[in-house]
Each structure stands twice: as C-alpha cells, then as structure tokens.
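S.K.:
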Amino acid sequence: MSLAEPSGFVRDFTTVAGRALRSIPREPEAIMPSLIIPIFWYVINIGTLQDIAPSGVDFKSFQIATAIIFAVSGVSRANTVVTDIQSGYLDKMLVTPIRRAALLLGMMAADVVLVVVLATLVVVMGFILGVGFTTGIAGFLTFIAIAAAWGLAFTGFPYFVALKTGNPAAVNSTFLIFFPVRVPHQHLPAPRRPVVLAAERCALQPRHLRPRRAPLPANQRMGRHRTRPSSDRDRHLRCDHLHYVLPSARATRRHRLTGSTPVADIERDEHAGPVPDSAWDADAEARADKGRVEIFNATRPGGLDGWTMDQDQYEAVRELIFEMIDDHADDDGTIRLQTVVDEAQDRYGNHELFPKGRLTNYVRYTKTDMEARCEIERIPRSSPQRITRWRDA
Amino acid sequence: MTTTGAITTRSLARAFGEHRAVDGIDLDIAPGEIYGFLGPNGAGKSTTVRMLCTLLAPTEGTATVAGHDVATHPHDVRLRIGVALQEAGLSARQTGRETMELQAKMYGLRGDTLTRRIDEVVDFVGIGDAIDDMVATYSGGMKRRLDLATALVHEPEIVFLDEPTTGLDPDSRQRVWHEVRRLNTELGVTIFLTTQYLEEADQLADRIGIITKGRLAIEGTPDDLKRRVGADTVTIDLPDHAPDDVDHINQLDHVENTTVDGDQITITTTSSTAVITTILSRLANQNRQAASFAVRGPSLDDVFLEVTGNRLGTTPTASGEDS
Chain S
51 MSLAEPSGFV RDFTTVAGRA LRSIPREPEA IMPSLIIPIF WYVINIGTLQ
101 DIAPSGVDFK SFQIATAIIF AVSGVSRANT VVTDIQSGYL DKMLVTPIRR
151 AALLLGMMAA DVVLVVVLAT LVVVMGFILG VGFTTGIAGF LTFIAIAAAW
201 GLAFTGFPYF VALKTGNPAA VNSTFLIFFP VRVPHQHLPA PRRPVVLAAE
251 RCALQPRHLR PRRAPLPANQ RMGRHRTRPS SDRDRHLRCD HLHYVLPSAR
301 ATRRHRLTGS TPVADIERDE HAGPVPDSAW DADAEARADK GRVEIFNATR
351 PGGLDGWTMD QDQYEAVREL IFEMIDDHAD DDGTIRLQTV VDEAQDRYGN
401 HELFPKGRLT NYVRYTKTDM EARCEIERIP RSSPQRITRW RDA
Chain R
24 MTTTGAITTR SLARAFGEHR AVDGIDLDIA PGEIYGFLGP NGAGKSTTVR
74 MLCTLLAPTE GTATVAGHDV ATHPHDVRLR IGVALQEAGL SARQTGRETM
124 ELQAKMYGLR GDTLTRRIDE VVDFVGIGDA IDDMVATYSG GMKRRLDLAT
174 ALVHEPEIVF LDEPTTGLDP DSRQRVWHEV RRLNTELGVT IFLTTQYLEE
224 ADQLADRIGI ITKGRLAIEG TPDDLKRRVG ADTVTIDLPD HAPDDVDHIN
274 QLDHVENTTV DGDQITITTT SSTAVITTIL SRLANQNRQA ASFAVRGPSL
324 DDVFLEVTGN RLGTTPTASG EDS
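Residue numbers (the numbering used here), protein chains in the order written: chain S, 51 to 443; chain R, 24 to 346.
1) Output the distance between the C-alpha atoms of Pro75(S) and Asn129(S), rounded to the nearest integer angstrom.
2) With a CB to CB cut of under 7 Å and the five nearest residues on each side skipped, what residues in its chain are close to Leu79(R)?
3) Taking the beta carbon of Ala188(S) as the centre, do at least 16 other beta carbons fall within 10 Å, making it buried, or is it exposed?
4) For Asp185(R), count the other beta carbons within 10 Å of its own beta carbon; 16 or more makes it buried, fewer makes it exposed. Which is it?
5) By Cβ distance, which residues of its chain are closer than 8 Å to Asp62(S), with the 5 residues on each side in sequence left out?
6) Can you pull the DSSP bridge partners for Asn280(R)?
7) From the DSSP output, read off the bridge partner residues of Ala107(R).
8) Just to make sure I have the definition right: I need the residues of chain S whose C-beta is within less than 7 Å of the C-beta of Glu56(R). Which are they?
9) Quick one: which chain S residues come within Cβ less than 7 Å of Lys128(R)?
10) Look at the alpha carbon of Arg250(R) and the alpha carbon of Thr291(R), and state the distance between them as a whole number of angstroms.
11) Kindly list, in the order they appear in chain R, the residues whose Cβ is closer than 8 Å to that of Ile148(S).
12) Please classify Glu79(S): does DSSP put it in a helix, a strand, or coil?
13) Beta-carbon of Leu155(S) versus every beta-carbon of chain R: anything under 8 Å?
14) If you reduce the DSSP assignment to three classes, tell me which class Tyr161(R) lands in.
15) Where does Arg33(R) sit, in a helix, a strand or coil, going by DSSP?
16) Rounded to the nearest angstrom, what separates Phe215(R) and Ile81(S) at their Cα positions?
17) Counting pairs of Cβ atoms below 8 Å between the region 171-186 of chain R and the region 200-215 of chain R, do you hit three or more?
18) Within the 8 Å Cβ cut-off, does Thr256(R) reach chain S?
19) Going along chain R, which residues have a C-beta under 8 Å from Leu164(S)?
20) Closer than 8 Å is the cut-off here; do at least three beta carbon pairs connect the region 114-130 of chain R with the region 141-155 of chain R?
21) Excluding the five sequence neighbours on either side, which residues of its own chain have a C-beta within less than 8 Å of the C-beta of Trp91(S), listed in chain order?
22) The alpha helix (DSSP H) that contains Arg238(R), what's its start and end?
23) Tell me which residues share the same chain as Thr31(R) and place their Cβ nearer than 6 Å to its Cβ, disregarding the 5 neighbours each side in the sequence.
24) Sorted by chain position, which residues of the same chain lie with C-beta nearer than 6 Å to Gly47(R)'s C-beta, five sequence neighbours on each side aside?
25) Could you name the residues that DSSP lists as bridge partners for Val58(R)?
26) For Tyr412(S), which option in His378(S), Leu171(S), Ile371(S) has the closest C-alpha, if you only look at C-alpha atoms?
27) At a Cβ threshold of 8 Å, is Val106(R) touching chain S?
28) Nearest chain R C-beta to Pro56(S) closer than 8 Å, yes or no?
29) Looking at the unbroken beta strand (DSSP E) that takes in His42(R), where does it start and where does it end?
30) Taking Val318(R) as part of the beta strand (DSSP E), name the residues at either end of that continuous run.
31) Give the DSSP-derived three-state secondary structure of Thr146(S) in the structure shown.
32) Sorted by chain position, which residues of the same chain lie with C-beta nearer than 6 Å to Tyr58(R)'s C-beta, five sequence neighbours on each side aside?
33) Can Leu248(R) and Val318(R) be called in contact, C-beta distance under 8 Å?
34) Can you tell which of Ala332(S), Arg397(S), Ile87(S), Ile135(S) has its C-alpha closest to the C-alpha of Gln363(S)?
35) What in chain S is Cβ-close to Glu110(R), meaning under 7 Å?
36) Quick check on Arg127(S) - is its C-beta less than 8 Å from some C-beta in chain R?
Here you go:
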C-alpha cells in the first residue's frame, strides 16, 4: 500500500516555494541583470532627461517608479520552468499528487521575493539621489507591497508562456508586452489625435532640437504675452507663476513620494494649467486664420487636446460656465459640473449655434480647456465633479 | 471504476491531430507483474506511458491504474504510482537529498516517515554518500538511480519505468536490472517497463507486449512469443560430409530448412531434440563424429522481426549507443 497521501494547499505551496527560494542564491547569473538594468537606467534617465522634462515634474520621483517597473518586469524566473520542462523535472512533479495551483504559485514565490529585494534596492538608490517618502515607513512598505503585487501579476504572463511553449526565447520576449507601461501614458501614440502627437514629439525633444524657439525667460514673457490677441493672457500669466504638479508625476505623487520640487499650497487637479507657450501660439493662429479655438488640455505634454472648436460656440459655452459659477455657485464658490451641463442643454439645446442639440461634450471640453487656461478649476477628488473659479495661491 | 488488475486499458487511443500515436490498445496487467512494453522509436510506447501516468489525456478508450480511471480520477492514480520517465527528470541545482525530500513531500510524506523512507530508498538504489552532492555532479548512471529512488520513495503500488537503461553503460544497466528485480520480488511492486532492448525485456519481464504503429501487435510471456514465431536452429560442424548426409537430414521429420556452408550444416527445425538424436545416432552407426554442434532457440529479435518487419536487435554497448 502506497504511503502517499494528499497534502493541503499550504503544504504543497511551501514545498514548492522552498525549492524555488533555495535556487535563488544558486543562480546569481539570473538575478544580476535584473538588478543592474533598472539601476543603470535610473541613473542614465536622470542624468540625460531630467533637464528636458517639463518644468515642475519631480523627475527623480517619477523615475523611481519607472525603475521599479523595469526591475519587477525583468525579474521573472519563468525560464526555470522551461528548464524543468526540458529536463523532464516538471513532468516528474506533475505525476505527483501535488495541486497544480500550488505548484505554479510556489514557483512564483521566488519571483515575489526577488521583486521585493530589487524594489528595495532601487528605492535605496533613490534615497541616495534625494528622493524620500513623506509618509515614512508606512509609505515605503506600501510602495514595496504594490511593487510585489505588480511583480506577481507580471510574472504570471511569462510563466504562462513558459508552460504553453517550453521555449526560452518566447519567455524572454514577454517583457515587450509590458513595455508601454514603462513610459508615461501621455507619451504613447494616440492615433486619433495627430495634432497631439506632433505636439508631444515636440515637447519630448531636447530644447535645441525643437522647431520653435525656446521659451523666453520669465522676465521677458510679460511683453510677449501682451502681444496675444486673447483676453486670456492675464489669467495665463497668473497661473504661469504658480507651482504645480504635472501629470507625468502622478504615479509617484499618489504614493506621496516627494523630491526637491516644491508643491503649491493649494492642491490642484492635474488638469490645471498652465500649458506651454506653443499651445497659446497655436491657439492664436487658429483664431486668426480659421475663427476656431484650439482646445487646451493640461494633461497633454504639448497642452493641446488635438482638435478645435468654433469660436462662437466656444465663447457661448465659456460665458455660460462663468455665469453659472458667478451666479449659481454654493457658498464655497463651487458648483456641480452637471448643473452647468443641464443649464447649457436647456439654454442651447435648440439653438442654431449647436445644430446637433447635445451640449454635454461642448461643456466638458470647454471646461477642460478653461482649466488649462487657469480660468477655472475642478475641485480635486470631488464626486460628482465640482468646479470653481481659479483660486490664487 | 475499480478493477482487480493493476493496469487495465480498453481501446486506449491518443491522437495528435490526424496522427494516431496510440491506436486502440487493450492491456490487462496483474498486480505484482513485470510487464515489458517493446517497440521501435515512435511506436507509441511513451505516449501510452504518459496516458497511464495521467500526464496525457486519452482521446479515446479507457484506462484504469491501481483501480482508478486515469481520466476521471487522476489524483487517485498519482497517489499510487511511481514514475521514472525516459529522461531522468532531475533538477541539476539541487542535492540528491533535496531532490528526495522534495519528492517525498510532494507525496505527502512528513517527519520520521520521510526520513526513514529516504534512507531506505537511498540504500536500496545504492547512491551512498553522493546523496548530499549536487545532482549536476552525478554521472548518467547515478542520475538514473536517483530518478528511480524518487519514484520509489512513497512505496508506490505500481512503478512505470520508461526506458530506464537508455544511455547507460553495461555496468549501470546491470545494476538497474538488479534493482528492478528486487523491487518486484522483495516489495511486490507491479512494474510497467518500456524498453528498446530485447535483452532487457527478456531478462526482466514476466510478459511482453510489442507495440508497432500505435497498436499492440503481440503479447505473451517471452517463451510463448519465441515459440509462436520460431523454430530452433541446429548447427553441426561435420568435416568431410557427403551430399548423402544433407539429403538424409532433409528427409527427417520436423526439419524445415537446411543450409550448408563449408563443413557447417545449419538446420531449422521445430524439434531440435528429435533431429539431434537422429543425426547423432546415424553418425555413431557409421563410426563418425561431429566436430561440434550447437542449438539456438528462437530469440525475441526473431519475434520482433516477425511482428514488426524490422529487426530491433539492439543491446547497449559500453558507450551506451545502440549496436
């Protein structure tokens, strides 16, 4: 009679995980690249790209997240599964009564441990370069836990490929799937927004390669702004001198990482302006040449949302938004966006200026544009969304 | 589904696309039996083993191992079998002991039982102190023995050995044979043995099945199979024999064929005893003597040739290559 008997899931898991963990120090060649590559790129990215990052970006903090994405996405030990398949060891394990889920998760346990170690090392590198956690050890631990969870999620994919193909080349190429998450989403192509693409390319280029001249120093901008044919220039000037946080730093800001860049006392939404001078120039040209307004979006690196609106439509909606805030806001000066949308629908739903009859998107895009122009702003994390006049720092 | 046989299959088949690797096999293997599964490369041996070990689902037919259906109750089957597959499935970056412990734990062994069984099995297969060395340092024979040890650590009722001596030198092969015999005689384990080596099957198996092109072509004890296909061969070295001698031999009962090569007369007969007795008697009456004579019974190679149309005839050389 066989001595074998079924074990519980935890026992099965710890049995396999024990083997996986034992193998880590025995395969240093599999770990070193995962450690060196993120630290290398962290240092290189800061050294080469920090100067051309949009002003206000806490680039070191942002790069911490990028480096950790590199680390946890490159650490998978799924090739050990390929080795086990090729040597016949996986079959040997599969003919035992061990649970399949425990077998897989046990193998992946070593990946999670490696991710924690690598993420910690990358953060330590960040500490050395001046990054810190305002939330202290709790923030640090949360950050590492998120990295571990990401590592576990990521490594499932190469493990799947390993089990499906048994091919090391296929496993090694799986990290390409996750390449897009290693750059800010604003830098990814948006096929339906060619204007944005062009603006983004321009913004991503080093200053000396940009087609337009570099922005003027702050003390010379006053005269430049006065030449704009827009009444918005004063407001633009006002918000131009505020400290702000650009969207590309969102990931790190959510984890409350702080770097050397000061943040405004007033907490603002990421859609708050200003936008680059190039956007204002494009807007001026569109108004002069076509009678249309370039719609701004501060979350885009170039500041343009990629499309234009008829100037009459734009001005009608803009004036309505101002009117609603000024005349119908609550005591705190804020008003629900939906209230504004409803009023716009009532007022212009049958108006010849809006032949399609639906105002929702006109209001929403104009509102986003006005935020970027520092005329109004949304209240961060308000739900339903509320808006107010631009608040001075 | 529970049966009394150790392994029972009915119309067991496995197709890979259009190709039917195993095409309707019926097996009835009794508990405590050593069953040799012979066949050339690509005949379907390993596919059959993988189905019986629950690594591969049958596409048709049924199979029960230790009384449990491999398709519907694979977990119950896995608790009762030990498997040493064609490749010695071992992780090179573990020690032999770590490998044994991991395998024992995967079969649910713990504590004193685990320690005792590892010691027993390591002693059984003769690994010795090398059990604490890294597997990467093991020779091919050592790896085979460790692989066998991992298959036995939980005292399985049935052991599947898929070409266990392929690539081993003659000494290592003899050791594995010895261990397989002990396993069967001392522990009463049922053994399903696939092999390409006729000598191995002849030495170890109680019964043999020959598979070709996915089908079981013939099955029986080694002696039965030999008897079914072949006559004995009698070779007489008779100097200065005359044509009359050959004519006389050809007229004897049970003689099927006679060939002459110099002094040597080779006779194919279904009754070697009767033929030899008659020939020696005639020579004695004539005051003559044969320089030598030899009798060879039919071999499994003859059986294999008869069944598959090809001669397997392979025994491993010292280098481990097929001869």
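Note that the Cβ used here is the ideal one computed from N, Cα and C, for glycine as well.
M.R.: Checking against the coordinates, here is how it stands:
1) Roughly 16 Å separates the two Cα atoms.
2) A distance below 7 Å between beta-carbons, with the five flanking residues on each side excluded, links Leu79(R) to the following residues of its chain, in chain order: Arg37, Thr70, Arg73.
3) Note on Ala188(S): under 16 other CB atoms within 10 angstroms of its CB, so exposed under the neighbour-count rule.
4) Looking at its Cβ environment, which holds 16 or more other Cβ atoms inside 10 Å, Asp185(R) is buried.
5) Once the five neighbours on either side are set aside, the close Cβ partners of Asp62(S) are Ile148, Arg149, Ala152, Leu153, Gly156.
6) According to the DSSP secondary-structure assignment, Asn280(R) is paired through a beta bridge with Thr291(R).
7) Answer is Leu184(R), bridged to Ala107(R).
8) The contacting residues do not exist; Glu56(R) stays about 17 Å from chain S at best.
9) Simply Thr65.
10) Near 13 Å, if we compare the C-alpha coordinates of Thr291(R) and Arg250(R).
11) The answer, in chain order, is Met129.
12) Correct three-state label for Glu79(S): helix.
13) By this cut-off, Leu155(S) is not an interface position.
14) Tyr161(R) sits in coil when the DSSP states are folded into three classes, being neither helix nor strand.
15) Strand, per DSSP.
16) Take the alpha-carbon of Phe215(R) and the one of Ile81(S): they are about 42 Å apart.
17) Contact between the region 171-186 of chain R and the region 200-215 of chain R is present: 3 or more CB-CB pairs across the two stretches fall below 8 Å.
18) False, the Cβ-Cβ gap to chain S never drops below 8 Å.
19) Near Leu164(S) there are no residues of chain R at all, since even the closest Cβ is about 16 Å away, more than 8 Å.
20) Because the criterion of three Cβ pairs below 8 Å is met, the region 114-130 of chain R and the region 141-155 of chain R touch.
21) Closer than 8 Å at Cβ, skipping near neighbours: Thr116, Ala117, Phe120.
22) First-last for Arg238(R): 238-243, but that is the beta strand (DSSP E), not the alpha helix (DSSP H).
23) The residues are Asp51, Thr87.
24) The residues are Ser34, Ala36.
25) The sequence shown places Tyr at residue 58(R), not Val. Tyr58(R) is bridged by DSSP to Phe215(R), Arg230(R).
26) Comparing Cα-Cα distances from Tyr412(S) to each of His378(S), Leu171(S), Ile371(S), the minimum goes to Ile371(S).
27) With 8 Å as the cut-off, Val106(R) counts as an interface residue toward chain S.
28) Yes - at least one Cβ of chain R is within 8 Å of the one on Pro56(S).
29) Looking at the DSSP string, the run of the beta strand (DSSP E) that includes His42(R) is 42-52.
30) Where Val318(R) is concerned, the enclosing beta strand (DSSP E) starts and stops at 315-319.
31) Three-state result, Thr146(S): coil.
32) Only Ile52, Phe215, Arg230 meet the Cβ criterion.
33) The answer is no: Cβ separation not under 8 Å.
34) Checked all of Ala332(S), Arg397(S), Ile87(S), Ile135(S); the closest Cα to Gln363(S) is Arg397(S).
35) Correct list: Ser137, Gly138.
36) Not a single C-beta of chain R is nearer than 8 Å to the C-beta of Arg127(S).
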